[in-house]
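Inspection log for the structure reproduced underneath, given as structure tokens.
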Amino acid sequence: MTALILHGGAGARRGVNYDREVVHMREVVEAMKARLDAGAPALDVAVEAVVMLEDSGLYVAGRGASPNLAGAYELDASLMDGPTRRAGAVAALQGFRNPIRVARAVMDRTPHVILAGEGAALFAAEQGLEPIGDEPAWFTQAGQGDDNHPPKAMSHGTVGCCVLDGDGRLAAATSTAGVFGKMPGRVGDTPLPGAGSWADDRVAVSATGVGEYFIRTAACVQTAWRVAGGQSLAAAAQATIDDLGGLGGDGGLIALDRDGNLAQPYNSQGMKRAWLTPGGEIGVEVFGR
């Protein structure tokens, strides 16, 4: 049994056309289904899916990033391997094409979980990971103006993926450029295991929204612990979104458990997401529940 769910951010707003994103998300799921059918492990598939989302320039992650208040592009990413709970992450990374690949290298090639700022960039260079040349020309700033917030509010976008492979392994990966107009050095939930990503032997979770609220509620691990305490995946995920919503936060999360159950609650206008069920069915939604 295999299953997968991904998101392209909870910043969708009604009245905007997301046809390109819908087509692309379906393409990503179809490509990852082929990888799972070929026996690829969950962690590899989660990273590959996020790389495709980062490279597309359609979402507020990777090539779709927008600059911070100082005009710099600072990117965050994390991933987690369920069976081992190994994790890797980067925060405020500048100058490299795929922050999720750098996060994977942190997991695999260092004794650490998170590298940030200049240290993360130096490490990425040492590992031979692909740099960005002319940054302003490369970035698409996909999400500028695409939010459901009043002026000066923290509008946002993120991508992520949760995977269950044929051996019952779970993994999660998340990547973002953070909220628009962020202060230099701001770090949100995405690079923090437990807040922006989580995977263990029961559940994989990836979050999208105003990261400060996902940090304050430990949203991803809260969902996992609720499941460990006996709640269904759907109830646990919804309770987490209700919790952060009660504090004034908005966004959503995707979650997948070891039985192939999927959850995708959000309290924003919409959340771009797509999924593969254990029965092989592919679905894509932006606004439908």
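Take numbering that gives the first Met the number 0: the last position of the sequence shown gets the number 288, and nothing is skipped along the way.
Just so it is clear, CB atoms sit at the ideal spot from N, CA and C, and this is done for glycine as well.
Quantities reported herein were computed from a predicted structural model and do not represent experimental measurements.
query, result
"My output table needs one value for A262: the three-state DSSP class, helix, strand or coil.", "strand"
"Whole alpha helix (DSSP H) runs in the region 208-276 with 4 or more residues, listed along the chain?", "210-215, 218-227 and 232-245"
"Could you tell me how far apart the beta carbons of A119 and L92 are, in whole angstroms, since I believe they sit closer than 8 Å?", "5 Å"
"Just list the beta strand (DSSP E) runs in the region 39-110, keeping only unbroken ones of 3 residues or longer that don't cross its boundaries, in chain order.", "74-80 and 85-92"
"Just to confirm, is the Cβ distance from A236 to S196 under 8 Å?", "no"
"Should P130 go down as buried or exposed, given a rule of 16 or more other Cβ atoms within 10 Å for buried?", "exposed"
"Please list the segments of the beta strand (DSSP E) lying wholly inside the region 163-189, counting only runs of 3 or more residues, in order along the chain.", "169-175"
"Note down, in chain order, each residue of its chain lying with its Cβ closer than 6 Å to the Cβ of A152, except the 5 sequence neighbours on either side.", "At A152 the pLDDT is 46, less than 50, meaning the model places this residue with poor confidence and gives no usable figure here."
"Among A76, S231, S267 and A227, which one has its Cα closest to the Cα of G244?", "S267"
"Mapping the DSSP letters down to three states, classify V37 as helix, strand or coil.", "One detail in the question is off: residue 37 reads as Ala in this sequence, not Val. Coil, per DSSP."
"Would DSSP call V28 helix, strand or coil?", "helix"
"So, helix, strand or coil for G118, using DSSP?", "helix"
"Please name the residue or residues paired with L289 in a DSSP beta bridge.", "Here the chain covers residues 0 to 288 and nothing more, so residue 289 does not appear."
"If distances are taken between C-alpha atoms only, which option among T1, G269, P264 and P40 comes closest to V204?", "P264"
"Tell me, to the nearest whole angstrom, how far the beta carbon of L3 is from that of L35; I am working on the premise that it is less than 8 Å.", "7 Å"
"By the three-class DSSP mapping on this structure, what secondary structure does A136 have?", "helix"
"Could you check what DSSP says for V204 in three-state terms: helix, strand or coil?", "strand"
"Among the residues of its own chain, which have a CB less than 7 Å from the CB of A48, if the five just before and after it don't count?", "L5, V27, M31 and C160"
"I think A198 touches G81, with their Cβ atoms under 8 Å apart; what is that distance to the nearest whole Å?", "4 Å"
"According to DSSP, is A194 helix, strand or coil?", "coil"
"Let me see if you follow: with CB-CB separation under 8 Å, is I99 close to chain B or not?", "Going by chain labels, chain B is absent from the structure shown, which holds only one protein chain."
"Determine whether the beta carbon atoms of F286 and R19 lie at a separation below 8 Å.", "no"
"Provide the residue span of the beta strand (DSSP E) that contains A9, from first to last.", "A2 to A11"
"If you measure between the beta carbons of L246 and R215, is that distance less than 8 Å?", "yes"
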